[in-house]
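Position 125 of the sequence shown, counting from 1, maps to 127 under my numbering, and the rest follow consecutively. Backbone N, C-alpha and C define an ideal beta-carbon position, used for all residues, glycine too.
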Amino acid sequence: MFIMIFITACNSSPPTNTESPNSPENSEQNPPPGPNNTESSNSFEPYPGALAIPPTATPYPPGYPAPQTIPTPDPYPGGKTETTVWIVFPVGIQCEDADDGIKYKSEKEAEAGLTAAGIQVRQVTTTELMVCAACGCPTSAHYRAEINEADLNKANALEWVQE
């Protein structure tokens with residue numbers, strides 16, 4: 003197929019133009035394109051008002067109450083005055099029975115334990131961390147909690163570690 007396309011491309015001859023480019027009929031109908039040739043049959047008008055000056059603001063009439071500005075809601079209340087930190091706690095210890103070494107069995111229990119100690123918890127997730135592969139090392143699964151920095155000492159007392 004490639005050979006057929008190649009042969010067709012090589013054998014085709016360029017189209018022949020029987021009209022002379024300098025004939026008066028050809029030069030009047032289609033002038034040669036150039037930077038000074040500005041006339042064309044496709045001249046366009048800009049849309050209505052495209053060149054108009056933008057409107058000016060109309061002042062409020064006397065005695066008209068000014069519109070109230072609505073304050074933007076803060077999605078993180080207290081976020082500007084309080085800083086948060088992330089703390090982690092291992093789910094378990096390697097080579098130990100699953101029921102013996104687990105202090106918190108779920109994220110909800112971890113959050114409840116922190117809340118019971120008077121710590122305001124923003125969110126709790128579970129994450130995987132790199133740990134040593136030996137007995138007595140923590141498991142790779144860790145609970146991760148976001149708390150206020152002011153509560154960090156309380157969390158450290160519960161054996162949570164700042165990330």
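For residue i, which residues does DSSP report across the bridge?
i	result
T127	R146
V67	At residue 67 the sequence reads Pro, which differs from the Val that was named. Paired residues: none, contrary to the question.
Q164	I89
Put residue i into one of helix, strand or coil per three-state DSSP.
i	result
I95	strand
I89	strand
S29	Caution applies to S29, whose pLDDT of 49 falls short of 50 and renders its modelled position unreliable; the value that the coordinates give is listed next. Note: S29 maps to helix in three-state DSSP.
Residue i lies in the alpha helix (DSSP H); which residues open and close that run?
i	result
G115	109–118
K156	154–159
Anyone know if the C-beta pair for residue i and residue j falls short of 9 Å?
i	j	result
V93	V163	no
A159	I149	no
A112	E130	no
A147	R124	yes
I95	P140	yes
E98	Y145	no
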